[in-house]
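**Q**
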Amino acid sequence: MAEITLDVRQLHAFAEVGYQVAGSGGAHAAMTALRRVVPVDAYEFVAFDPATGRHHSVVSDGHRRIDHDAAEEYAGLEACRRAIATRAPVIMPEPGTERYFRRHLAPYGWRAGLTTPLFLTEGRYTGLLHLATKDSFPRLTGALVVAISPMLAHVTDLTRCVIDPVGLPPDFRAVAFDRVGTWREVPGHEASAVLREDPAMAAFARAFIDSRELSRHGLWLDGKGRWHELRLLRAGVGFQGALQGAVVAERPCPLPYDLTGREVDVLTRVAAGDSNPQIAAALVLSVRTVTTHLEHIFAKLGCDSRTRLTTKALAEGLCRLDVQLY
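Here you go:
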């Protein structure tokens, strides 16, 4: 059996693992770096999806075949549950894994397997890393893989938005939602607590995902009475952007053109094509009051017709996005 000893070359390999995971190299480049230290003939990353509570294979190499039910089968083993509880690797075949080993590893020539649960530095579980070899693993393999597992855990982190949305200004705080309401971080943008905590925002994002719109831009009044510029963009989320999702981004702002909140409401109705009586009925105002608001809006925005007013409002995102409607 080979022995593992740490030297400068191997420490450099560990650093390269982290660099490739954090950068654009991805899982395969990270594992290429790891193979400089650990003799691995095949590997498989299994992601845990918090939205469904299930495990599924996301990245593999060296395997001629990956059975679709293998991830859930392994996650159901007592050995796996114990490994997740203790954060310790599992060597296969060990007691409790023999049947799994005979079905999924032995038929393809592997003599040994090693599985490590993957946890981010903050302690959140993201999935599993399966390693397989035609020989046997050197001593300390499990300890070394555990040591770099917080870096590798990012490969199976399905709560992250991995497709960087185009056209989102850098000073916006953002989160990404999938259709079931799971939120994810958006690379390059601070996560928005006010969006995460709004109970209606996930449903609002789902309605946008189900629409034909590519983007949406407007004003949003949060639950504490603060106005925000709000943008929604389509984006792929989850591993390799495989899920339909939406990036929702916000930044606090004063109302533009010195508009009042009520004037924003009237302007939003005008842009929707409502007549003055319709606006009055919707906002519980008199028609005379609506007419007065419109006079102020025309003056503030420098428009002389409802058509120009609507064009300007939609182009500049001056309409109110009523999240509570969803």
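Under this note's numbering, the first residue of the sequence shown is numbered 894, with each subsequent residue one higher.
Glycine is no exception: its CB is placed at the ideal position from the N, C-alpha and C atoms.
Here the structure is a predicted model, which is why all the values come from computation and not from measurement.
How big is the Cα-Cα spacing for GLU937 and GLY1016?
**A** 21 Å
**Q** Would you give the residue range spanned by the beta strand (DSSP E) that ILE984 belongs to?
**A** 983–985
**Q** Identify the continuous beta strand (DSSP E) that holds THR1009 and give its terminal residues.
**A** Looking at the DSSP string, the run of the beta strand (DSSP E) that includes THR1009 is 1005–1012.
**Q** From ARG1199, GLY1020, ALA964 and ARG975, pick the residue whose C-alpha is nearest to that of HIS997; which is it?
**A** ALA964
**Q** Considering only the beta carbon of each residue, do GLY955 and ALA972 sit closer than 8 Å?
**A** no
**Q** Counting pairs of Cβ atoms below 8 Å between the segment 1061–1068 and the segment 1076–1090, do you hit three or more?
**A** yes
**Q** For PRO1092, does the three-state DSSP call read helix, strand or coil?
**A** coil
**Q** Apart from the five residues just before and just after CYS1212, which ones in its own chain have a Cβ nearer than 6 Å to its Cβ?
**A** GLY1111, THR1161, ALA1164 and ALA1206
**Q** Would LEU1022 and THR1008 qualify as a contact pair, given that the criterion is a beta-carbon distance under 8 Å?
**A** yes
**Q** Since GLU1122 and ARG1155 should fall inside the 8 Å C-beta cutoff, what is the C-beta to C-beta distance between them, to a whole number of angstroms?
**A** Rounded, the Cβ-Cβ distance is 19 Å, inconsistent with contact.
**Q** For VAL1073, does the count of other Cβ atoms within 10 angstroms reach 16, so buried, or fall short, so exposed?
**A** exposed
**Q** Tell me, which residues are paired with GLU1143 by DSSP?
**A** DSSP lists ARG1066 and LEU1123 as partners of GLU1143.
**Q** On the DSSP bridge list, what partners appear for THR1026?
**A** Note: THR1026 sits in a beta bridge opposite ALA1005.
**Q** Buried or exposed: which applies to ASP1158, given that a residue is buried once 16 or more other Cβ atoms fall within 10 Å of its Cβ?
**A** buried
**Q** Mapping DSSP to helix, strand and coil, what is ALA1175?
**A** helix
**Q** Suppose the cutoff is 8 Å on Cβ atoms and the five residues either side in sequence are ignored; what does the same chain contact list for ASN1169 look like?
**A** VAL1180, VAL1183, THR1184 and LEU1187
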